[in-house]
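Take a look at the structure set out below.
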Amino acid sequence: MPAYSLTPLPQKLGLTPGHRARLLDAPAHFLNLLGDVAGQVLFLDEGSDLDYVHLFVNEIECLENQLSQLRSRIKPNGMIWVSWYKKSAKLPTELTEVRIRETALALGLVDVKVCAVDEQWSGLKLVIRLKDREKP
1366 MPAYSLTPLP QKLGLTPGHR ARLLDAPAHF LNLLGDVAGQ VLFLDEGSDL DYVHLFVNEI
1426 ECLENQLSQL RSRIKPNGMI WVSWYKKSAK LPTELTEVRI RETALALGLV DVKVCAVDEQ
1486 WSGLKLVIRL KDREKP
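So that you can map any letter, position 56 of the sequence shown is 1421 in my numbering, and since no number is skipped, the others follow by simple counting.
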């Protein structure tokens, strides 16, 4: 957890015990960042009806392809986190918060939160627009 943040990462991400979750291209250390919560979440390689998806990406084409598929995989009140390299990481990325937001909006997803995942990754939380959510 970055020194400037006292909030545990799972709390920042809204990841809670019992969630059905999927990680895509997460860095090797990501589960360690989640601490004990990682063992209380059902991480799936496939499937739908997901509460939480976290995509780590740095190329616009990959973002567009993945987001269009992932939107249909989450529950109506589920979330998709998109993480990309921070500018301060000085690592190659085609993405910025603005590009991710524009791509998401075109797919009916809205951003509701941004956070630092670690020293290299930023994250943007996306959800389905309220008016577009299926009613139970």
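Ideal placement from N, C-alpha and C gives every residue a C-beta, glycine not left out.
Cβ neighbours of K1490 in the same chain (closer than 6 Å, five flanking residues each side left out): Non-local beta-carbon contacts of K1490 in its own chain, meaning distances under 6 Å to residues more than five positions away in sequence, involve M1444, W1446, V1477 and K1478 in chain order.
Chain-order list of residues whose beta-carbon lies under 8 Å from that of R1436 (same chain, five-residue window excluded): I1445, L1472, G1473, L1474 and I1493.
Neighbourhood of A1391 by C-beta distance below 6 Å, restricted to the same chain and skipping five residues each side: Correct list, in chain order: F1421.
Beta-carbon proximity of P1441 to G1400, cut-off 8 Å: In this structure, G1400 does not lie closer than 8 Å to P1441 by Cβ.
DSSP-derived helix/strand/coil call for S1433: Helix, per DSSP.
Straight-line Cα distance separating H1419 from G1412: Whole-angstrom Cα-Cα distance: 14 Å.
DSSP beta-bridge partners of Q1482: In the sequence as presented, Gln is not what sits at residue 1482; that position holds Val. V1482 is not bridged to any residue.
For G1379: DSSP bridge partner residues: None; G1379 has no bridge partner.
Cβ-Cβ distance between E1424 and E1459 below 8 Å: The answer is yes: Cβ separation under 8 Å.
Cβ-Cβ distance between Y1417 and H1394 below 8 Å: Cβ atoms of Y1417 and H1394: not closer than 8 Å.
DSSP-derived helix/strand/coil call for G1488: If DSSP states are grouped into helix, strand and coil, G1488 belongs with the strands.
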